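The structure appears right after this line, and notes come after that.
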Amino acid sequence: ITRLMEEANEEAQHKGWCDTELSTNEQTRKEKSEAVETLHAEIDNLQSSLAQLQDDITELSKTVAGLDSDMAKATQMRQEQKQTNLATVKDSQDAQAAVAQALVVLK
Numbered sequence: 001i002t003r004l005m006e007e008a009n010e011e012a013q014h015k016g017w018c019d020t021e022l023s024t025n026e027q028t029r030k031e032k033s034e035a036v037e038t039l040h041a042e043i044d045n046l047q048s049s050l051a052q053l054q055d056d057i058t059e060l061s062k063t064v065a066g067l068d069s070d071m072a073k074a075t076q077m078r079q080e081q082k083q084t085n086l087a088t089v090k091d092s093q094d095a096q097a098a099v100a101q102a103l104v105v106l107k
């Protein structure tokens with residue numbers, strides 16, 4: 001009977017230990033599952049942000065390309081205007097010289 005009582009006592013202690021371990025493991029599993037869910041939500045959020053940023057990059061790249069094209073056109077137009085202005089200045093200088101010569105002849 002004593003041996004049976006000792007075995008029963010040992011089994012009760014072992015069951016208590018097992019119950020404690022099961023409870024601890026369940027709590028740990030619950031915490032880890034919550035952490036996984038939180039991380040999955042964060043991953044989804046970051047993937048959404050990444051997709052939005054990629055769309056923004058694409059749109060901004062198109063805008064930059066358009067601005068580069070506009071700047072190239074404006075630069076070309078200014079070069080043409082510069083050439084026209086240089087020709088006008090030369091014509092004006094030639095006309096001024098001709099007027100000066102005409103004044104000398106008339107005097």
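Residue numbers (full-length UniProt numbering): 1 to 107. Ideal Cβ positions, reconstructed from N, Cα and C, are used throughout, including at glycine. All figures in this text were calculated on a predicted structure; none of them were measured in a lab.
- Linking residue 5 to residue 12 through their CA atoms gives a straight-line distance of about 10 Å.
- The beta carbon of residue 78 is closer than 8 Å to none in its chain, skipping five residues each way along the sequence.
- In the three-state reduction of the DSSP assignment, residue 90 falls in the helix class.
- A direct Cα-Cα distance of roughly 10 Å separates residue 2 from residue 9.
- Per DSSP, reduced to three states, the secondary structure at residue 30 is helical.
- In the three-state scheme derived from DSSP, where H, G and I count as helix and E and B as strand, residue 107 is classed as coil.
- For residue 40, there are no CB contacts under 8 Å within the same chain when 5 residues up- and downstream are skipped.
- CA-to-CA, the gap between residue 85 and residue 70 works out to about 22 Å.
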